[in-house]
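The structure appears below as structure tokens.
Residue numbers (this note's numbering), protein chains in the order written: chain A, 23 to 359; chain B, 23 to 359.
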């Protein structure tokens with residue numbers, strides 16, 4: 023089943039979307055918003071699945087589905103906790119600045135608390151007051167939306183609490199990160215509003231690509247129309263989503279509708295991540311990573327961060343080449359312009 | 023005007039509360055929940071104020087108001103961004119571990135992103151799997167709830183976006199903080215669910231105690247019934263709420279219902295904060311602070327953090343000695359017991 027929120031008011035209007043993303047049907051008779059559906063998932067899911075079946079069989083009134091009309095599936099959420107599960111990415115960051123990564127990073131998940139009150143829609147511009155000065159970057163990630171999660175849950179049980187899967191562009195302001203992290207309290211200004219894929223998809227609809235708490239498909243990232251990344255999200259993910267959820271719930275329960283992110287998808291260098299897509303490599307899911315590799319190789323980065331007018335696309339295709347979640351497609355725009 | 027959320031479902035039932043906190047009237051005809059009221063504040067506020075006036079004049083159907091029936095005013099929120107505006111507190115933390123605090127901390131606000139999906143009610147127990155091992159502490163703070171805030175707002179305009187004021191117990195797990203901050207991504211497990219005061223109060227109802235974006239009254243903190251703190255929240259607050267909001271909104275808008283916290287209220291040592299309340303001092307709004315002062319004086323702390331069964335009370339009285347927001351009153355309980 024695929025769900026989306028058509029832009030309307032603060033929380034959107036819930037629709038069930040056809041598998042091929044061409045049609046949808048209004049779900050407001052069952053739940054007006056996705057958060058409302060998640061608040062009472064056990065009793066509302068069967069009705070939503072009936073709509074999904076009716077949509078495929080043609081027995082349901084339909085509207086055309088346009089990704090450009092979508093808000094993020096949760097236009098605002100009660101929690102956005104973003105992990106850093108591809109530890110390779112973290113190791114590269116440290117290596118680029120000549121620092122050792124603590125060994126514990128391979129066994130103890132790293133998660134930061136993100137802002138969740140003002141997500142961007144998947145086709146909304148990324149509006150910023152500065153481009154070069156702030157070092158605007160994308161981060162292509164996978165995220166899950168969970169049902170209520172009890173405090174202290176273990177990783178195996180946590181997997182059963184996953185209701186929906188999405189893609190994310192975790193917009194990051196690279197030039198603001200060092201100063202902010204040096205203050206010791208984590209990210210704030212350096213992590214502005216994120217954008218999510220047009221649809222959120224139940225794990226069963228992902229077939230065998232969803233297994234062991236990971237999504238085993240390439241994360242396709244394009245910058246200004248050119249292929250930039252195709253790292254496989256199921257490879258080199260040190261902590262699966264069960265581990266990430268359990269980490270987040272160690273000292274408090276998580277409310278239904280909590281979003282947990284994977285962190286930037288990144289494959290190891292010896293797996294081809296060091297090579298651009300054009301050379302058959304996995305490429306990169308963020309600009310920071312190619313800059314780190316450039317720094318390690320040449321002493322300094324050469325690929326610039328995003329400039330006003332630059333475009334970023336993030337999506338994932340199934341084995342048949344069809345988009346699964348729809349496409350995040352954003353342009354960097356100047357605030358007030 | 024004072025507002026509260028009586029426990030009911032996930033988001034509570036909105037009531038308008040009398041000034042003396044003895045009576046309330048149902049507001050669901052105007053807005054079912056506080057978030058719903060905040061989502062459309064400009065058009066709904068007049069109706070809520072009519073209820074408040076009717077409540078005082080006796081022209082309104084009333085219920086008895088019981089603080090123990092309250093959830094936090096926002097039982098869950100889309101954002102909880104907590105500052106550290108009493109820089110004295112930060113300086114003490116550093117001094118206790120023999121570190122210098124960067125000079126920039128006096129001019130650049132420090133804010134962390136907190137979890138906002140599962141707040142505790144003001145009389146709910148603080149339920150934890152460990153007490154001593156995790157170092158459970160309270161933090162008595164002031165917080166404001168804002169209306170929609172535009173990205174890039176300045177501090178003066180930000181003050182006009184404050185709709186409600188509350189108290190907070192920002193529960194902190196001191197023993198988990200050093201390891202978590204060392205990882206570089208800020209707090210997560212070390213900041214479990216916070217609790218807020220039974221009512222949220224409009225700035226005008228605070229009279230002259232609310233001025234220049236600060237609340238000029240003592241923050242009364244008791245531990246196991248004994249006075250522990252009475253630091254004045256209007257004193258030594260380096261950054262007023264306008265500054266904190268502007269900092270939070272530098273790179274993204276804030277959604278109506280965003281909560282901004284002051285950080286632990288703390289008065290400077292020469293203002294009496296080094297002295298216990300029993301000796302006429304301002305005392306402490308968290309246990310960590312007295313432990314820092316003990317460490318500076320004696321080389322090690324002697325006051326223990328909270329143990330299972332310990333009780334914390336946080337409230338604020340007006341000049342007449344009446345509680346303004348109602349009382350946060352929580353006991354530390356063992357998870358699963």
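Where is the CB? At the ideal position from N, CA and C, for every residue including glycine.
Residue 218 of chain A is bridged by DSSP to A/190.
The criterion of a C-beta distance shorter than 9 angstroms is not satisfied by residue 59 of chain A and residue 73 of chain A.
DSSP, read as helix, strand or coil, puts residue 75 of chain A in helix. Residue 166 of chain A sits close to residue 282 of chain A, with the two beta carbons spaced by under 9 angstroms. Closer than 9 angstroms to the CB of residue 359 of chain A there is not a single CB belonging to chain B.
Under the DSSP assignment, residue 48 of chain B falls outside any alpha helix (DSSP H), being part of the beta strand (DSSP E) whose first and last residues are 45-48. DSSP, read as helix, strand or coil, puts residue 310 of chain B in helix. Just so you know, the alpha carbons of residue 162 of chain B and residue 243 of chain B end up roughly 7 angstroms apart. The C-beta of residue 149 of chain B comes closer than 9 angstroms to at least one C-beta of chain A. Boundaries for residue 254 of chain B: no alpha helix (DSSP H) harbours it, while the beta strand (DSSP E) harbouring it runs 248-254, taken from the DSSP string. In this structure residue 223 of chain B is in contact with residue 346 of chain B, their Cβ atoms being roughly 6 angstroms apart against a cut-off of 8 angstroms. Of the other Cβ atoms in all chains shown, 16 or more fall within 10 Å of the Cβ of residue 113 of chain A; this residue is therefore buried. Separation of the CB atoms of residue 217 of chain A and residue 141 of chain A is rounded to 6 angstroms, and the pair is thereby assigned contact status at 8 angstroms. At least one beta carbon of chain B lies nearer than 9 angstroms to the beta carbon of residue 269 of chain A.
By DSSP's assignment, residue 92 of chain A forms a beta bridge with A/28. Residue 279 of chain B has its alpha-carbon roughly 22 angstroms from the corresponding atom of residue 53 of chain A.
Contact residues of the stretch 31-44 of chain B toward chain A are 32 (C-beta to C-beta distance below 7 angstroms). For residue 225 of chain B, the three-state secondary structure derived from DSSP is helix. Taking the beta carbon of residue 283 of chain A as reference, no residue of chain B falls within 7 angstroms; the closest one sits roughly 12 angstroms away. Relative to the Cα of residue 343 of chain B, the nearest Cα in the group B/116, B/214, B/181, B/241 belongs to B/241. Sequence-distant Cβ neighbours of residue 273 of chain A in its own chain, meaning closer than 8 angstroms and more than five residues away, are 173. Taken in chain order, the complete alpha helix (DSSP H) segments of 4 or more residues contained in the stretch 253-304 of chain A are 263-270. If you ignore the 5 residues before and after residue 159 of chain A, its C-beta comes within less than 6 angstroms of the C-beta of 194, 196, 308, 309, 310, 327, all in its own chain and listed in chain order. By the 16-neighbour rule on beta-carbons within 10 angstroms, residue 285 of chain B is buried.
The C-beta distance from residue 133 of chain B to residue 153 of chain B rounds to 28 angstroms, too long to meet the 8 angstroms contact threshold. Contact check for residue 267 of chain A against residue 356 of chain A fails: the beta carbons are separated by 9 angstroms or more. Bounds of the beta strand (DSSP E) holding residue 240 of chain B are 240-245.
Interface annotation for the stretch 115-140 of chain A against chain B: 124, 126, 127, 130, 132, 133, 134, 135, 136, 137, 138, 139, 140, criterion Cβ-Cβ distance under 9 angstroms. Under the DSSP assignment, residue 135 of chain B falls in the beta strand (DSSP E) whose first and last residues are 133-136. Contact of residue 144 of chain A with chain B is not assigned, every C-beta pair being separated by 9 angstroms or more. Beyond the five residues adjoining it in sequence on each side, residue 44 of chain B comes within less than 8 angstroms, by CB distance, of 86, 87 in the same chain, given in chain order. Taking 9 angstroms as the threshold, the shortest C-beta distance from residue 352 of chain B to chain A does not fall below it. By the criterion of a C-beta distance shorter than 8 angstroms, residue 98 of chain A is surrounded in its chain by 32, 33, 138, 139, 140, 141, once the five residues flanking it on both sides are discounted. At a cut-off of 9 angstroms, the C-beta of residue 355 of chain B has no neighbouring C-beta in chain A. Per DSSP, the continuous beta strand (DSSP E) segment holding residue 352 of chain A begins and ends at 350-356.
Runs of the alpha helix (DSSP H) lying entirely within the stretch 145-216 of chain A, each at least 4 residues long, are 177-181, 199-204 in chain order.
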